[in-house]
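Per our numbering, the sequence shown starts with residue 18, numbered consecutively. Please read the structure below before turning to the comments.
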Amino acid sequence: MGSLPIPDSRFAHLDEYPMDEAFMIMRDFALDAHPHKISLGAGVYRDNEAKPWILPSVREAEQLIVQDPNTDHEYQPMAGHPPFIPLAQELTFGPLMASLSNRIVSCQTISGTGACHFAFRFISEVTSAKRVWISNPTWGNHHLLWDISAPQVKQQLYPYYNAKTCSLDFEAMIQTLDAEAQPGDIILLHACAHNPTGIDPTPEQWAVIADVCERKQLFPLFDSAYQGFASGDLDQDAYAIRLFAERGFELAVAQSFSKNFGLYGQRVGALHIVVSRSDAVPSTQSHLTKLVRGEFSTAPVHGARIVSRILSDAALRKQWYGDLQVMSSRLKDMRRALYDELRRLGTPGSWEHIVDQIGMFSYTGLNEKQVRRLRDEQHMYMMSSGRASIAGLNTSNVAAAAAAIDAVVRAEKQA
Ligand SMILES: Cc1ncc(COP(=O)(O)O)c(C=O)c1O
Numbered sequence: 018m019g020s021l022p023i024p025d026s027r028f029a030h031l032d033e034y035p036m037d038e039a040f041m042i043m044r045d046f047a048l049d050a051h052p053h054k055i056s057l058g059a060g061v062y063r064d065n066e067a068k069p070w071i072l073p074s075v076r077e078a079e080q081l082i083v084q085d086p087n088t089d090h091e092y093q094p095m096a097g098h099p100p101f102i103p104l105a106q107e108l109t110f111g112p113l114m115a116s117l118s119n120r121i122v123s124c125q126t127i128s129g130t131g132a133c134h135f136a137f138r139f140i141s142e143v144t145s146a147k148r149v150w151i152s153n154p155t156w157g158n159h160h161l162l163w164d165i166s167a168p169q170v171k172q173q174l175y176p177y178y179n180a181k182t183c184s185l186d187f188e189a190m191i192q193t194l195d196a197e198a199q200p201g202d203i204i205l206l207h208a209c210a211h212n213p214t215g216i217d218p219t220p221e222q223w224a225v226i227a228d229v230c231e232r233k234q235l236f237p238l239f240d241s242a243y244q245g246f247a248s249g250d251l252d253q254d255a256y257a258i259r260l261f262a263e264r265g266f267e268l269a270v271a272q273s274f275s276k277n278f279g280l281y282g283q284r285v286g287a288l289h290i291v292v293s294r295s296d297a298v299p300s301t302q303s304h305l306t307k308l309v310r311g312e313f314s315t316a317p318v319h320g321a322r323i324v325s326r327i328l329s330d331a332a333l334r335k336q337w338y339g340d341l342q343v344m345s346s347r348l349k350d351m352r353r354a355l356y357d358e359l360r361r362l363g364t365p366g367s368w369e370h371i372v373d374q375i376g377m378f379s380y381t382g383l384n385e386k387q388v389r390r391l392r393d394e395q396h397m398y399m400m401s402s403g404r405a406s407i408a409g410l411n412t413s414n415v416a417a418a419a420a421a422i423d424a425v426v427r428a429e430k431q432a
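Rendered as C-alpha cells:
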C-alpha cells in the first residue's frame, strides 16, 4: 500500500500564542542553575523552606476522606458537590445568609479561573452588557478570559494604580467611572488582595465605589481569590462583597479555593449570583446548570470534598483558621523583613508601599529594565511589571533579595 501524500495542515496558519508570563518565569527559573536563585514570580504560597505547604487541616481532611467507607467516585449533581455549595455561600456572605439565602444561585466551577469564565460568559449572555470595566492593571488572565468567554463585550480600563505614589488612584478611578460608564455595564472588582498591586480600597472608598456603581447602574462582579489568605480574617476579606450585597445590588462572585486552602491543583471554585427577586432563582439556576453541562458536565469532587469536610467540622475549621494565620502572618513578616532590609541598606527610593500592600503580591515599583537586570545579574525572578510574589521570600533569602534590589536600583541611578 502506497503512503498518502502529507496533506496541507488546517492549523499551519496559526501564529504561536505567546506563553503566559508567569509560566514563562517558572520555566526560566527552573532552567537557572544558580544555587541561590530566588523566585518571586509564581503566585503560589511557599513555606519558610521555599517548599509547597499542604495545610495541616487539608492533610487531616484528606485522610478522613480516604478512610471513610462512604467515599466513592460517583458523578456529582450538575450544581456541584451538594455539601460544598451552601458552605461556599456561607464563607462568602457570612451573616447575610439569613436574608440572602433564597436569592443566591450557585454552581461549582473549575476553580477561580472557571468561576470567572462562567461569570463573564453568563452575565454577558443574559444581560445586555456591552462593556466591562476592568482595573488597570489587573490579573493578566482577566483579559484573556473576557476575550474567550465574551468577545463581544468591550473591555474598558478604569485607573487603579498611581505609579508615582505606588498607591490607589482612587479619584481617577471614580472620575472615570462617573464620566464614562454606561448603565448596564459590568464592573470587575477584586474582593481583596488586588492582583497584581496588593492595594485594596479602604472601607470608606468601597462605599464610594458602591455609590458610583449605584449611580451608573453597573453590575458588580467580584473576583474573590484570596479570602482569608489576605488578612487572615475571612470576614475582613469579604467586606466589599458583603457591603454591596447588603446595599441590595444584584451581583456575582467568582470564588477560588486555591490559595486559602492551598488546593491549587485540585481546581475548587464556585460562582455565586445574587438576584434581587427569589422568583428569578429557578431560571437563573437552570441557565448555570446548562453551562456546566455543556462545559464539563459535573465538577471534580475531591477538592470540594476536602473543603466541605473542613468547613463542616468544628475542629478542622478551627485548625484551618490557624492555617490561614500561618500563611498570612508569614507573608506580612516577609514584607516587613524586605522593607527593613531595604531601609538598612539605604536603598534609594521609598519602600513603605511594600508593607502597606496586602496578600500574595507586592507591586514593587521596579521597572522592566530593573526586573531584567534582577534576572540576568542577580538570579532573582519576578513579573516584568515589577510584581513580586512575597511568598517566594523566606528568612534565608530575604536579605539576599533586598541586596539584589539594592544593587539594580543603585546601578540604574549611576548609569
Ligand atoms: C485575581 C485572581 N483571580 C482568580 C485567580 C484564579 O485562580 P485559580 O483558578 O487557581 O483558582 C487568581 C489566581 O492567581 C487570581 O489572582
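C-beta: ideal position from N, C-alpha, C; glycine also.
- In the DSSP assignment, LEU174 is bridged to ILE151.
- For ligand 1, no non-hydrogen atom lies closer than 7 Å to the CB of CYS124.
- Exclusion of ALA257 from the 7 Å shell around ligand 1 follows from its C-beta lying no nearer than that to any non-hydrogen atom of the ligand.
- Counted as a single uninterrupted DSSP element, the beta strand (DSSP E) harbouring THR126 occupies residues 121–127.
- Taken from the Cβ of GLY97, every heavy atom of ligand 1 lies 7 Å or farther away.
- A heavy atom of ligand 1 is found nearer than 7 Å to the CB of THR130.
- The residue from ILE71, ALA417, LEU288 with its alpha-carbon nearest to that of ILE140 is LEU288.
- By the CB criterion at 8 Å, GLN244 and ASN277 fall inside the cutoff.
- Judged by DSSP in its simplified three-state form, GLN222 adopts helix.
- Remark: C-beta atoms of LEU104 and LEU328 approach each other more closely than 8 Å.
- Looking at the backbone, the Cα of ARG27 and that of LYS54 are separated by about 43 Å.
- With a threshold of 16 other beta carbon atoms within 10 Å, ILE165 falls short and is exposed.
- TRP156 has its CB nearer than 7 Å to a heavy atom of ligand 1.
- Annotation for PHE236: the continuous beta strand (DSSP E) segment containing it runs 236–241.
- Of all alpha-carbon atoms in ALA67, SER128, THR109, the one lying nearest the alpha-carbon of GLY320 is that of SER128.
- The beta carbon of THR306 sits closer than 8 Å to those of MET95, ALA96, CYS124, all from its chain and outside the five residues before and after it, given in chain order.
- For ASP186, the CB stays at least 7 Å from every heavy atom of ligand 1.
- In the three-state DSSP reduction, ARG404 falls in the strand class (E or B).
- Secondary structure note for SER273: its beta strand (DSSP E) is the uninterrupted segment 268–273.
- In this structure, GLN387 lies away from VAL343, with their beta-carbon atoms at least 8 Å apart.
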